[in-house]
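Step one of this worksheet: look at the structure below.
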Amino acid sequence: ICFLDQMTVMALIQENDHPLLQVCATALYHTVANLNTKHQVPFVLPPSPTLVYRMLMSPTAIGVSSMCGILSEYKQSFQSLKNIVNEHGDEHPSALYRSG
371 ICFLDQMTVM
381 ALIQENDHPL
391 LQVCATALYH
401 TVANLNTKHQ
411 VPFVLPPSPT
421 LVYRMLMSPT
431 AIGVSSMCGI
441 LSEYKQSFQS
451 LKNIVNEHGD
461 EHPSALYRSG
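Quick note: the sequence shown uses my numbering, first residue 371, plus one each step.
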């Protein structure tokens, strides 16, 4: 997923933040954000700060709106993961941290 994030940032730079590419990036991170809640994956991988900044500083409204929606989904995923960790005690303390 980190590789895809880097490729997405490079593509956005190359294509001058084209709106269609922003929609594709949003679709990717919509799926990644929901891995925890829909498929019980024990970790959450947020988009890189570079991707977030590019989308939020985009000249088109679709980039800003899409990234706000994705960040909201990540908040829900982090809360869900936090609840899982709290229910199971310290069995999985590293689940809240991004492996890099």
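Glycine residues also receive a C-beta, built at the ideal position from the N, C-alpha and C atoms.
Nearest residue (CA-CA) to GLN376, options LEU405, THR420, THR401, ALA403 = The shortest C-alpha to C-alpha distance from GLN376 to any of LEU405, THR420, THR401, ALA403 is the one to THR420.
Indicate whether ILE432 and ALA403 have their beta-carbon atoms separated by less than 8 angstroms.
-> Against a cut-off of 8 angstroms, the Cβ pair of ALA403 and ILE432 comes out as no contact.
Check whether the Cβ atoms of THR378 and ALA395 lie closer than 8 angstroms to each other.
-> Result yes, Cβ atoms of THR378 and ALA395 sit closer than 8 angstroms.
Does DSSP classify LEU415 as helix, strand or coil?
-> Here LEU415 carries a coil assignment [DSSP, helix/strand/coil].
Whether SER436 touches ASP387 by CB criterion (8 angstroms) = The Cβ atoms of SER436 and ASP387 lie no closer than 8 angstroms to each other.
Please state whether DSSP places GLN392 in a helix, a strand or coil.
-> Secondary structure at GLN392: helix, using DSSP grouped into helix, strand and coil.
Please name the residue in GLU443, GLN410, VAL411, GLN449 whose C-alpha comes closest to that of PRO417.
-> Answer by Cα proximity: GLU443.
Helix, strand or coil: which one does DSSP assign to LYS452?
-> Per DSSP, reduced to three states, the secondary structure at LYS452 is helical.
So what's SER469 in DSSP terms, helix, strand or just coil?
-> In this prediction, SER469 scores a pLDDT of 44, lower than 50, which makes its location untrustworthy; the coordinate-derived value is nonetheless stated afterwards. If DSSP states are grouped into helix, strand and coil, SER469 belongs with coil.
From the beta carbon of ILE383, is the nearest beta carbon of chain C less than 8 angstroms away?
-> The structure shown contains no chain C; it holds only a single protein chain.
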